[in-house]
Amino acid sequence: MTALLDMDQLLDQLEAGLRRTLAERGIESPALIGIRTGGVWLADALRKRLGLDEPFGELDISFYRDDFSRIGLNPKVTPSMLPFETEGRDIVLIDDVIMSGRTIRAAMNEIFDYGRPASIILATLIDLGARELPIQPDVTGRVLELQSHQRVKLRGPDPLRIELRETDSQE
Numbered sequence: 000m001t002a003l004l005d006m007d008q009l010l011d012q013l014e015a016g017l018r019r020t021l022a023e024r025g026i027e028s029p030a031l032i033g034i035r036t037g038g039v040w041l042a043d044a045l046r047k048r049l050g051l052d053e054p055f056g057e058l059d060i061s062f063y064r065d066d067f068s069r070i071g072l073n074p075k076v077t078p079s080m081l082p083f084e085t086e087g088r089d090i091v092l093i094d095d096v097i098m099s100g101r102t103i104r105a106a107m108n109e110i111f112d113y114g115r116p117a118s119i120i121l122a123t124l125i126d127l128g129a130r131e132l133p134i135q136p137d138v139t140g141r142v143l144e145l146q147s148h149q150r151v152k153l154r155g156p157d158p159l160r161i162e163l164r165e166t167d168s169q170e
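The sequence shown: position 58 = 57 (numbering that gives the first Met the number 0), numbered continuously.
Following this line, the structure appears as structure tokens:
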């Protein structure tokens, strides 16, 4: 595996874009929710960078996946934790990488089971395109185009780093 991108630069871009989007929408007290695991690491970093006092939420979307019946339950499933009400809140949903949009759809379904938010802003560190659903991030650190044999992965939590992996043609 090789290091792909400068993490500080990506976080700077994500933070700046999020600050701009929050200001444009007049949101002063967003509730951050990270999707496990990379989104949780990013939510923690963004909470500190934005100077927010409220704890962030963590989603484990395992039960909300549309391929749950095919792949079964991941043995590392842990309960989601939202230490705040979602009803009427402005939510910032955070994930490390967006590709098809299916993870985000599952996360929004789970959020709505907790209550109806006023709005959801989607922030992702890396956007790989290749959507299967009409879901787009509002804020992204970087858009990448990968070859079919390449994968990108956020490693962490300390330090956070993006790695590029070459896969075998059998995968």
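Glycine included, every Cβ here is placed at the ideal spot set by N, Cα and C.
All values derive from a computational prediction rather than experimental measurement.
Specify, as a first and last residue, the run of the alpha helix (DSSP H) that residue i falls within.
i, result
"V96", "That residue, V96, is in no alpha helix (DSSP H); its beta strand (DSSP E) goes 89 to 97."
"I60", "That residue, I60, is in no alpha helix (DSSP H); it is neither H nor E in DSSP."
"A106", "101 to 113"
"Q135", "Per DSSP, Q135 belongs to no alpha helix (DSSP H) and is neither H nor E."
"D37", "What sits at residue 37 in the sequence shown is Gly, not Asp. Segment 37 to 49, the alpha helix (DSSP H) holding G37."
"L13", "6 to 24"
Among the residues of its own chain, which have a CB less than 8 angstroms from the CB of residue i, if the five just before and after it don't count?
i, result
"R141", "L4, L9, Q12, L124, I125, D126"
"E131", "S99, G100, R101"
"T166", "H148, Q149, R150"
"A43", "This sequence places Asp at residue 43; Ala is not what is there. Result list for D43: G33, F55, P156, in chain order."
"L159", "M6, L10, W40, L41, A44, L153"
If you drop the 5 nearest sequence neighbours on each side, which residues of the same chain put their C-beta closer than 6 angstroms to that of residue i?
i, result
"F67", "Residue placement at F67 is flagged as unreliable, the pLDDT there being 49, under the threshold of 50; a coordinate-derived value is accordingly withheld."
"I173", "The structure shown has nothing for residue 173, since the chain only spans 0 to 170."
Just to confirm before moving on: does the CB-CB distance between residue i and residue j stay below 9 angstroms?
i, j, result
"L58", "A106", "yes"
"L143", "G37", "no"
"L121", "P136", "yes"
"G50", "D94", "no"
"E86", "R48", "no"
"L145", "V91", "no"
For the beta strand (DSSP E) holding residue i, just list the boundary residues, first then last.
i, result
"L163", "160 to 165"
"A30", "30 to 34"
Closest by CA to residue i, which one among the options?
i, options, result
"T139", "A117, L41, K47", "L41"
"I60", "S79, I134, D52", "S79"
"R24", "E165, A117, E144", "A117"
"I110", "P158, R160, G56", "G56"
"S28", "V151, T77, D89", "D89"
"I97", "D112, L17, P82, A129", "A129"
"L31", "D112, R164, I119, G16", "I119"
"L81", "R18, I26, E162, Y113", "Y113"
"E84", "I103, I26, E53", "E53"
"I103", "L163, E162, I161, R35", "R35"
Can you name the residues that DSSP bridges to residue i?
i, result
"V151", "L163"
"V142", "D126"
"I119", "I90"
Apart from the five residues just before and just after residue i, which ones in its own chain have a Cβ nearer than 7 angstroms to its Cβ?
i, result
"N108", "Y63"
"V39", "G33, E57"
"T77", "D59"
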